[in-house]
Amino acid sequence: MRLSRYFLPTLREDPSEAETVSHKLLLRAGMIRKVASGVYNFLPLGLKALKNIENIVRQEMNRAGALEVLLPLVQPAELWLETGRWNAYGKELLRFKDRKEHDFCLGPTHEEVITDLVRRDVKSYRQLPLILYQIAPKFRDEIRPRFGLMRAREFIMKDAYSFDADYEGLDKSYQLMYETYNRIFSACGLKFKAVRAHTGAIGGDVSHEFMVLAETGEDTIAVCPKCGFAENVEIAPAISSEVYEPEPYRPIEKVYTPNVRSAKDVADYLGLPLKKITKTLIYIVEEKEPVAICVRGDHEVNEVKLEKVLGGKPFRMATEEEVLKIVGAHPGFIGPKGLKMKVIVDRSLVNFPNFVIGANKDEYHYVNANLNDTFVPDLVADVRKAVEGDLCPECGELLTFMKGIEVGHIFKLGTKYSEPMKATFLDKDGTEKPFIMGCYGIGVSRVLSATIEQNHDENGIIFPWPIAPFKVGIISFKPDFQEKAEKLYQELSERVDTLIDDRDERPGVKFKDLDLIGVPLQVIYGKSFEETGKVEIKIRRTGERVYLPEEEARTFVLSFGEKQGEESL
RNA sequence: CGGGGCGUAGCUCAGCCUGGGAGAGCGUCGGCUUCGGGAGCCGAGUGUCGGAGGUUCAAAUCCUCUCGCCCCGACCA
2 MRLSRYFLPT LREDPSEAET VSHKLLLRAG MIRKVASGVY NFLPLGLKAL KNIENIVRQE
62 MNRAGALEVL LPLVQPAELW LETGRWNAYG KELLRFKDRK EHDFCLGPTH EEVITDLVRR
122 DVKSYRQLPL ILYQIAPKFR DEIRPRFGLM RAREFIMKDA YSFDADYEGL DKSYQLMYET
182 YNRIFSACGL KFKAVRAHTG AIGGDVSHEF MVLAETGEDT IAVCPKCGFA ENVEIAPAIS
242 SEVYEPEPYR PIEKVYTPNV RSAKDVADYL GLPLKKITKT LIYIVEEKEP VAICVRGDHE
302 VNEVKLEKVL GGKPFRMATE EEVLKIVGAH PGFIGPKGLK MKVIVDRSLV NFPNFVIGAN
362 KDEYHYVNAN LNDTFVPDLV ADVRKAVEGD LCPECGELLT FMKGIEVGHI FKLGTKYSEP
422 MKATFLDKDG TEKPFIMGCY GIGVSRVLSA TIEQNHDENG IIFPWPIAPF KVGIISFKPD
482 FQEKAEKLYQ ELSERVDTLI DDRDERPGVK FKDLDLIGVP LQVIYGKSFE ETGKVEIKIR
542 RTGERVYLPE EEARTFVLSF GEKQGEESL
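When you read off a place in the first sequence, starting at 1, and then add 1, the result is the number in my numbering.
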């Protein structure tokens, strides 16, 4: 591509609307432009990168035997009524009426549509297993779209659905997709981790998330450096490495603690370590029964675990008013002693000597509380989030924590959709059975964001070779070199996406733009070519420069690409 | 949904407190010079000051309403 004929509106300054690196760089590199909150245009450069990701995904899905389809963005309410999600799905589901006053929605996901498709035309176990996928826009009316493509309302997703005759088949399909996802993200040249995860609203019992590792990730994952254990902290068991030293028994004592509501305030006020101050949180289960949860001041309640402990019943945290009404004291002064409700304590309080609890009276706490002495809990359970210093539940090694961006999620659905939608087939034994389903998503446009979060420096994007919209950029500084640069451009263009900056711009501008848009290799016809006849090749990622005669430069570029391709597989 | 902030040239932003001429830098267009890291000089164009209403002799500026965008939070006490 000739830059003089390309549409590449790069920005020198950070747009004021962007906060995160990937958002800023996507805008500055002229890859995307905002149309509305959480809704974006893809410009030629951005689309090219997106297509590269899509094609990697497509290639690997096809290799796995999945078949590509295209499902509609607009979906009728009828299908969603069948599964009950028309009402169950919140405001994220954008609903509207057509001219005939029929209800429709924009598809945030496609389980209903695909299940409908398959139930109409798949009738026999002989047609199974079947994996269908699409790469298409989705719309979710997010509460708060943010970070550019990271959490957009309209975004590109690859979603796949597997249909099997039995659970053994589902296990196989799931395993196949798990391996395919590993191939996909490797082929993209990303550093990532597959972790066990919470199944969430989509349901099912097993799920894995694929996390691109980046400091700015919104998820935290716990990884064991020894045995390979990896889980989202949303579900990771919390096993403390701490051993509590026994302390002499001290009688419980009520102390005056004015205006200290947070655990940290109480710790500072009493001159005790934060962990000695326990927090008691009041939850309302099924909108009627209050339940108290007790954790150490340096720990946090994990609501995913809590949900399990509470038997999957719906619950929420009590409001300040409710706490006052039920307990008679404000949040911050709540404690388990004398509470007239079910009390669940985190197991980190077992054998924890002489801790502090709220006194259920404003401005007062108890010190020297002890489990089973000061109060007897109804249940001791793991209800906290795992933290630094906790141990691997499988091998006992210290866990490592890292941040990740969720780019893929795979689920076993079972019959969650096939049953209510009466999607059945005739099995070998002549009986009618619901399909056993799985679903597998990749946030394609989010992968682009995540790629940039993981691969950038102060000068701009550093695209991994497979995703780079252009692999090579050619710059020449003297009119005399133009012809030679042009010839190399022609040759390289036959093999890889090549950009030649033929604009009448100053060198600085050309360098800055090539750096900004993340072209992996820059071929420069400048000083070195004039003096020695060798072109200069700059490797964007390392800043390394090599000087080669033109012939060798050509093979260098091509073999560089192949090498990158191999490394990423 | 709660809180905060912003909306002025294509972009980044000043001007608003304390009412009176709509501005700067970058970009764009023309010219000269320059040519290895977002050059210099000369010249040119550039605006419903988000929108509506109000106060006033006079509103980007004060008041009311409204729309849009961004950030933080959505109860970890």
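Cβ atoms here follow ideal geometry from the backbone N, Cα and C, with glycine treated the same way.
Counting the other Cβ atoms within 10 Å of the Cβ of R251 gives fewer than 16, which makes it exposed. Between A19 and P470, the C-beta spacing is not below 7 Å.
CA-to-CA, the gap between V256 and P332 works out to about 17 Å.
Burial state of C189 is buried, judged by a 10 Å Cβ sphere holding 16 or more other Cβ atoms.
Counted as a single uninterrupted DSSP element, the alpha helix (DSSP H) harbouring A264 occupies residues 264-271. Annotated three-state conformation of D172 is helix, per DSSP. Residue N355 holds the alpha-carbon nearest to the alpha-carbon of E246 among Q60, N355, I144, Y126. The closest CA to that of K417, considering only F436, I406, G431, K472, is found on F436. Judged by DSSP in its simplified three-state form, V296 adopts strand. In the same chain as K277, and ignoring 5 residues on each side of it, the C-beta atoms closer than 6 Å to its own belong to F356, V357, in chain order. Taking C-beta atoms as the reference points, D516 and N460 count as a pair closer than 7 Å. For V40, the enclosing beta strand (DSSP E) covers residues 40-43. In the three-state DSSP reduction, S241 falls in the strand class (E or B). The shortest CA-to-CA distance from R3 to any of K386, L214, N456, K511 is the one to K511. Bridge partners of M438 according to DSSP: F164, G415. Counting C-beta atoms within 10 angstroms of its own C-beta, A89 has fewer than 16 neighbours from the protein chains shown and is therefore classed as exposed. Our two residues, K564 and R197, have alpha carbons roughly 32 Å apart in a direct line. Counting the other Cβ atoms within 10 Å of the Cβ of T279 gives 16 or more, which makes it buried.
With three or more CB-CB distances shorter than 8 Å, the region 103-111 counts as touching the region 74-82. Residue nearest to Y179 within the set I115, P238, I411 is I411 (criterion: CA-CA distance). Distance from the CA of I222 to the CA of E83, rounded to the nearest whole angstrom, comes to 36 Å. By the beta-carbon neighbour count (other beta carbons within 10 angstroms, threshold 16), L68 is exposed. Assignment of alpha helix (DSSP H) within the region 181-211, counting only whole runs of 4 or more residues, yields no such run. Separation of the CB atoms of H300 and S263 is rounded to 14 Å, and the pair is thereby denied contact status at 8 Å.
Just so you know, the alpha carbons of G339 and L311 end up roughly 21 Å apart.
As computed with DSSP, P291 is found in a beta bridge with I285.
The region 413-431 and the region 113-125 touch, with no fewer than 3 CB-CB distances between them shorter than 8 Å. In this structure, DSSP gives I476 an extended state, which the three-state scheme calls strand. Just so you know, the alpha carbons of Y526 and P226 end up roughly 47 Å apart. The beta carbon of H209 sits closer than 7 Å to those of Y179, A195, V196, R197, A198, I411, all from its chain and outside the five residues before and after it, given in chain order. L171 has its alpha-carbon roughly 37 Å from the corresponding atom of E288. For P508, the enclosing alpha helix (DSSP H) covers residues 508-517.
In the structure shown, I453 adopts helical secondary structure according to DSSP, grouped into three states. When Cβ pairs closer than 8 Å are counted between the two stretches, the region 361-378 is seen not to touch the region 393-404, the count staying below three. Within a 10 Å sphere around the beta-carbon of T432 sit fewer than 16 other beta-carbons, which makes this residue exposed. In the three-state reduction of the DSSP assignment, F140 falls in the strand class.
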